[in-house]
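Okay, so the sequence shown: first residue is 5 according to this note's numbering, each after it adds one. The beta carbon of each residue, even a glycine, is placed where N, CA and C say it ideally should be. Reading through the structure tokens given below for one structure.
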Amino acid sequence: MDNKLIVKHPNIPLRGYPEDLLKIILYGTDDEPGRFAVWISNLLGLTGETSAKRLYLALPAIEKHFLSMNFQEITKIFEMYADGQLSIQPRTNYFDRILVGQIFEAYRKEKQIKMEPKKTEDELKAEEDNIKVIMAFDFYVQEKGLPLEYSWIYDYLKEKGIINYTNGAVKQAFKMCEKTAGTEENQKQQAKIMLICDHFKKLHENKLHVKNQL
């Protein structure tokens, strides 16, 4: 029985997760159920086919109501519900979409949470991009490299003035990647990845994190 929800970035709001990763955590894959689905099932003692159907119909409401919260806070909220610390009477072996909304409203009133002013599309995009850069840095620290899909980070950090390689350093990176196989576009992406990794490496060696630069 899993008594604790284990996710790699518990302090990142749900809106900051890549969509495919969030779906895996919530819903799971064809081979295994989502970690959140398993955790909430254990917490509330969900058993049987009816409870399973209600659970998976309720999961989209988690994204809807708790999008600005992180998993650390979300698990705390549902534990408060299970422990009878909210205004709603907890029920064993019951969980549906309506209940998710009721739990969110009960917690909001309990903590007197003020609804955040609606952010513009540009503000949301900037927030999401910053979170993706943070996750890319953590990926680099673990894997000592980055896939080509992260090459956009070079232009993003350059535009913010966070990285500022000399023309010579940029030309050298591009020249080194000319010898690699692939299209010209792939070579450009590889050069950008090389520069991003160099920046991340220097930060990590100095015990710094890119989140403090954003």
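Next item on the list: Could you tell me whether the Cβ atoms of N97 and L48 are closer together than 9 Å?
Entry: Numbered from its first residue, the sequence shown carries residue 97 at position 93. Numbered from its first residue, the sequence shown carries residue 48 at position 44. In this structure, L48 lies closer than 9 Å to N97 by Cβ.
Notebook entry, point to check: Quick one, which of A86, E132, A62 has its alpha-carbon nearest E23's?
Noted result: For the purposes of this step, residue 23 is identified with residue 19 of the sequence shown, where counting begins at 1. Of A86, E132, A62, the residue nearest in Cα terms is E132.
Margin query: Can you tell me whether K196 is buried or exposed? The criterion is at least 16 other CB atoms within 10 Å of its CB, across all chains shown.
Written below: By 1-based counting over the sequence shown, the position of residue 196 is 192. Answer is buried; the Cβ neighbour count reaches 16.
Item checked: Q193 versus F82: straight-line alpha-carbon distance, rounded -> Counted from its first residue, the sequence shown places residue 193 at position 189. Counted from its first residue, the sequence shown places residue 82 at position 78. Roughly 43 Å separates the two Cα atoms.
Next item on the list: Using DSSP bridges, identify the partner residues of G32.
Entry: Here the question's residue 32 lines up with position 28 in the sequence shown. According to DSSP, G32 bridges with P37.
Next item on the list: Use the C-beta contact count for S91: other C-beta atoms within 10 angstroms, 16 or more gives buried, fewer gives exposed.
Entry: For the purposes of this step, residue 91 is taken as residue 87 along the sequence shown, with counting starting at 1. Classification for S91: exposed.
Check: Less than 9 Å separating the beta-carbons of V174 and I157?
Finding: Here residue 174 corresponds to residue number 170 of the sequence shown, with the count starting at 1. Here residue 157 corresponds to residue number 153 of the sequence shown, with the count starting at 1. It is not a contact, given that the beta carbons lie outside the stated cut-off.
Item checked: Neighbour-count burial assignment, M5, 16 or more Cβ in a 10 Å radius -> Along the sequence shown, one-based indexing puts residue 5 at 1. Low confidence applies to M5: its pLDDT is 44, below 50, so where it sits in the model is not reliable, and the reading given next is rough at best. So M5 counts as exposed.
Checklist line | Residue from K211, E163, F40, F99 whose Cα sits closest to the Cα of Q76 | finding: Working through the sequence shown from its first residue, we reach residue 76 at position 72. Out of K211, E163, F40, F99, F40 has the C-alpha closest to the C-alpha of Q76.
Next item on the list: Throw me the rounded Cβ distance for the V104 and I135 pair, which I believe falls under 8 Å.
Entry: In the sequence shown, the residue the question calls residue 104 occupies position 100. In the sequence shown, the residue the question calls residue 135 occupies position 131. With a Cβ gap of about 24 Å, V104 and I135 do not count as contacting.
Check: Just checking my contact of Y144 with C201 at CB under 8 Å: how many whole Å lie between their CB atoms?
Finding: Residue mapping note: residue 144 aligns to position 140 of the sequence shown, counting from 1. Residue mapping note: residue 201 aligns to position 197 of the sequence shown, counting from 1. With 8 Å as the limit, Y144 and C201 qualify as a contact, their Cβ atoms being about 6 Å apart.
Notebook entry, point to check: What are the start and end residues of the alpha helix (DSSP H) that includes P64?
Noted result: Stepping through the sequence shown from its first residue, residue 64 is reached at position 60. Its alpha helix (DSSP H) spans residues 52-69.
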